[in-house]
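Student: Below: one structure in structure tokens.
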Amino acid sequence: MEFLERLKNEVAIDSPVDINFEVASKEELKSENNLALQKVASFDNWLETNRDELTINKEKIEEAVELGLITNSEPETVWRYQKEKLEKDLEKMLEVKLFIEKNIKKIKLSINQRIESSIPIRGKITANLNFKINELADFCVEEKNITADLRRLSHSQNLMQDIVDGVTHEIFHAWFQRALPEYHKEKNDSDVDALKKETVVALINEGLATYLGRQDLQAFHESRSKNYDKYKEESFQLLEELLSSDDINEIKEIQKKAFQDMGPFYVIGYEIAKKMLDNTTDESRKFKINEIIDNLRRDPLEFIENALLKLGGKQNYETGGKNAASSSADVLKINY
Numbered sequence: 005m006e007f008l009e010r011l012k013n014e015v016a017i018d019s020p021v022d023i024n025f026e027v028a029s030k031e032e033l034k035s036e037n038n039l040a041l042q043k044v045a046s047f048d049n050w051l052e053t054n055r056d057e058l059t060i061n062k063e064k065i066e067e068a069v070e071l072g073l074i075t076n077s078e079p080e081t082v083w084r085y086q087k088e089k090l091e092k093d094l095e096k097m098l099e100v101k102l103f104i105e106k107n108i109k110k111i112k113l114s115i116n117q118r119i120e121s122s123i124p125i126r127g128k129i130t131a132n133l134n135f136k137i138n139e140l141a142d143f144c145v146e147e148k149n150i151t152a153d154l155r156r157l158s159h160s161q162n163l164m165q166d167i168v169d170g171v172t173h174e175i176f177h178a179w180f181q182r183a184l185p186e187y188h189k190e191k192n193d194s195d196v197d198a199l200k201k202e203t204v205v206a207l208i209n210e211g212l213a214t215y216l217g218r219q220d221l222q223a224f225h226e227s228r229s230k231n232y233d234k235y236k237e238e239s240f241q242l243l244e245e246l247l248s249s250d251d252i253n254e255i256k257e258i259q260k261k262a263f264q265d266m267g268p269f270y271v272i273g274y275e276i277a278k279k280m281l282d283n284t285t286d287e288s289r290k291f292k293i294n295e296i297i298d299n300l301r302r303d304p305l306e307f308i309e310n311a312l313l314k315l316g317g318k319q320n321y322e323t324g325g326k327n328a329a330s331s332s333a334d335v336l337k338i339n340y
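Mapping of the sequence shown onto our numbering: position 330 corresponds to residue 334, and the numbering continues sequentially without gaps.
So, in structure tokens, the structure goes:
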């Protein structure tokens, strides 16, 4: 308790973000990791639980074989990999916990320096940063509450950088939601035009957050044996399909596919962010981001049309007749 109180009180007065830290206790980490180990104790039980997941994740498992993470795609090989990984995770997570506790001031300073140079925050943002086991995502945000997964961080090659990158990404999402609240209300799933606009806004949100979080999508996808230029071309083709469709179910299906695993719509948003923000100064970058927000507020479909033209895309996208208008170990993440 004394440590947590000290963390909460160590806030830089002139910083754009007040960050309150919470770090899971050793007992909490040990308990949750033991529960995960119990679920993989028996191969037969694990197989019964994960039979469907093995089918769904067939491509990811084959990718893991190509990356050399496992020797073959047999279920028992996948199970053994997960079991051995979990057995080593607790010690690694405790090392990450100790690193965070020893470097709290440096982490806060690094995050604030990144935010101050990138995001046009007016006033101050308060964020609660909770380091714990979170199977859903490496980093995620719910309003002002950011969760960081200690299990994934325990496999980081550059812990400080990954923490700063991940938190910057999520703080941008929190700021973006505040800047464009009209696109973060309950979604209208029956209006084709509205759904396309929401898709464009989400695409730019993810692209900017990824860019400002310094997450290199080309390196990420190439590490997964993808030809990035080809994947990028396929991503733009997928956006063309969405923008030219009048079928609400087709649009939803494309959305589901394109926002998975830092996929096609992340790539498009990231490429747009690179085009607009590369070679900018701190001040001109923040000005440009404000300009992007203003243009999205005015008309997301017009914005994406202009952005695609700057990237050398096609000149016309039929949008319902109304407007003219884009960590390798985790590959084996199956239910424990």
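By construction, the Cβ of each residue, glycine as well, lies at the ideal position given by its N, Cα and C atoms.
Does the region 168 to 177 come close enough to the region 73 to 88 to have 3 or more Cβ pairs within less than 8 angstroms?
Tutor: no
Student: Count the CB pairs spanning the region 59 to 75 and the region 117 to 131 that are closer than 8 angstroms, and state whether there are at least three.
Tutor: no
Student: Is F291 buried or exposed, if buried means 16 or more other CB atoms sit within 10 Å of its CB?
Tutor: Counting from one through the sequence shown, the residue named residue 291 turns up at place 287. Its Cβ having fewer than 16 others within 10 Å, F291 is exposed.
Student: Which residues does DSSP list as the beta-bridge partners of F135?
Tutor: Numbered from its first residue, the sequence shown carries residue 135 at position 131. Looking at the DSSP assignment, F135 forms a beta bridge with V27 and A152.
Student: Do Y232 and P268 have their C-beta atoms within less than 9 angstroms of each other?
Tutor: Within the sequence shown, the letter at position 228 stands for residue 232. Within the sequence shown, the letter at position 264 stands for residue 268. Not closer than 9 angstroms, so no.
Student: Taking contact to mean at least 3 C-beta pairs separated by less than 8 angstroms, is the region 158 to 171 in contact with the region 281 to 298?
Tutor: With fewer than three CB-CB distances shorter than 8 angstroms, the region 158 to 171 does not count as touching the region 281 to 298.
Student: Consult DSSP for I74 and reduce its assignment to one of helix, strand or coil.
Tutor: Looking up residue 74 in the sequence shown gives position 70. Residue state, collapsed to three classes: coil.
Student: Is DSSP giving D22 helix, strand or coil here?
Tutor: Sequence index remark: in the sequence shown, residue 22 carries index 18 (1-based). In the structure shown, D22 sits in a strand (DSSP, three-state: E or B).
Student: With distances taken Cα to Cα, identify the nearest neighbour of S114 among I23, R55, T151 and L73.
Tutor: Within the sequence shown, numbered from 1, the residue matching residue 114 stands at position 110. Of the candidates I23, R55, T151 and L73, the one whose C-alpha sits nearest the C-alpha of S114 is I23.
Student: Can we say the region 116 to 125 touches the region 142 to 160, given the rule of at least three CB pairs closer than 8 angstroms?
Tutor: no
Student: I need the straight-line Cα distance from E309 to L71, nearest angstrom please.
Tutor: To locate residue 309, count along the sequence shown from 1; it is residue 305. To locate residue 71, count along the sequence shown from 1; it is residue 67. Each residue's Cα considered, the two are about 37 angstroms apart.
Student: Got a sec, what are the start and stop residues for the alpha helix (DSSP H) F224 sits in?
Tutor: Locating residue 224 in the sequence shown gives position 220, where the first residue counts as 1. Unbroken alpha helix (DSSP H) run through F224: L221 to E226.
Student: What are the start and end residues of each continuous alpha helix (DSSP H) run of 4 or more residues lying completely inside the region 62 to 130, in chain order?
Tutor: 62 to 70, 79 to 106 and 108 to 122
Student: Distance check for L58 and V21, CA to CA, integer angstroms please.
Tutor: Residue numbering aside, residue 21 sits at position 17 when the sequence shown is read from its first letter. Residue numbering aside, residue 58 sits at position 54 when the sequence shown is read from its first letter. Each residue's Cα considered, the two are about 42 angstroms apart.
Student: Determine the direct distance from the alpha carbon of R289 to that of L189, and round the result to whole angstroms.
Tutor: Walking along the sequence shown from the start, residue 189 turns up at place 185. Walking along the sequence shown from the start, residue 289 turns up at place 285. In the sequence under discussion, the amino acid at residue 189 is Lys, which differs from the Leu named in the question. The straight-line gap from Cα to Cα measures roughly 27 angstroms.
Student: Using a 10 Å radius around the Cβ and a threshold of 16 neighbouring Cβ atoms, would you call F224 buried or exposed?
Tutor: As a working note, residue 224 is residue 220 in the sequence shown. Burial call: buried.
Student: DSSP on E146, reduced to helix/strand/coil?
Tutor: Walking along the sequence shown from the start, residue 146 turns up at place 142. Here DSSP, grouped into helix, strand and coil, assigns E146 to strand.
Student: Residue range of the alpha helix (DSSP H) that G211 falls in?
Tutor: As a position in the sequence shown, residue 211 is number 207, starting the count at 1. From DSSP, the alpha helix (DSSP H) with G211 extends over V196 to L216.
Student: Have a look at Y274, D265 and V196 and flag the residue whose alpha-carbon is nearest the alpha-carbon of L246.
Tutor: In the sequence shown, counting from the first residue as 1, residue 246 sits at position 242. That would be V196, whose Cα lies nearest to the Cα of L246.
Student: Determine whether the beta carbon atoms of L102 and L41 lie at a separation below 9 angstroms.
Tutor: Position 98 of the sequence shown holds residue 102. Position 37 of the sequence shown holds residue 41. No. Outside cutoff.
Student: Rounding to the nearest angstrom, what Cα-Cα distance links K318 and S249 in this structure?
Tutor: As a first step, residue 318 must be located in the sequence shown, where it is residue number 314. As a first step, residue 249 must be located in the sequence shown, where it is residue number 245. Because the pLDDT at K318 is just 48, under 50, the model does not fix this residue reliably, and the point stays unresolved.
Student: Would you give the residue range spanned by the alpha helix (DSSP H) that P268 belongs to?
Tutor: Here the question's residue 268 lines up with position 264 in the sequence shown. Segment P268 to L281, the alpha helix (DSSP H) holding P268.
Student: Between P311 and Q222, what straight-line distance do the alpha-carbon atoms span, to the nearest angstrom?
Tutor: By 1-based counting over the sequence shown, the position of residue 311 is 307. By 1-based counting over the sequence shown, the position of residue 222 is 218. The sequence given here places Ala at residue 311; Pro does not occur at that position. So the two alpha carbons sit approximately 19 angstroms from each other.
Student: Are the CB atoms of I150 and M97 within a distance shorter than 9 angstroms?
Tutor: Taking the first residue of the sequence shown as 1, we reach residue 97 at position 93. Taking the first residue of the sequence shown as 1, we reach residue 150 at position 146. Result no, Cβ atoms of M97 and I150 do not sit closer than 9 angstroms.
Student: Can you tell me whether S158 is buried or exposed, with buried defined as 16 or more other CB within 10 angstroms of its CB?
Tutor: Indexing the sequence shown from 1 puts residue 158 at position 154. The residue is buried, with at least 16 neighbouring Cβ atoms inside 10 Å.
Student: Take I255 as the anchor and find which of V69, Y270 and D193 has the nearest alpha-carbon.
Tutor: Position 251 of the sequence shown, counting from 1, holds the residue named residue 255. Selected option, being the one with the closest Cα: D193.
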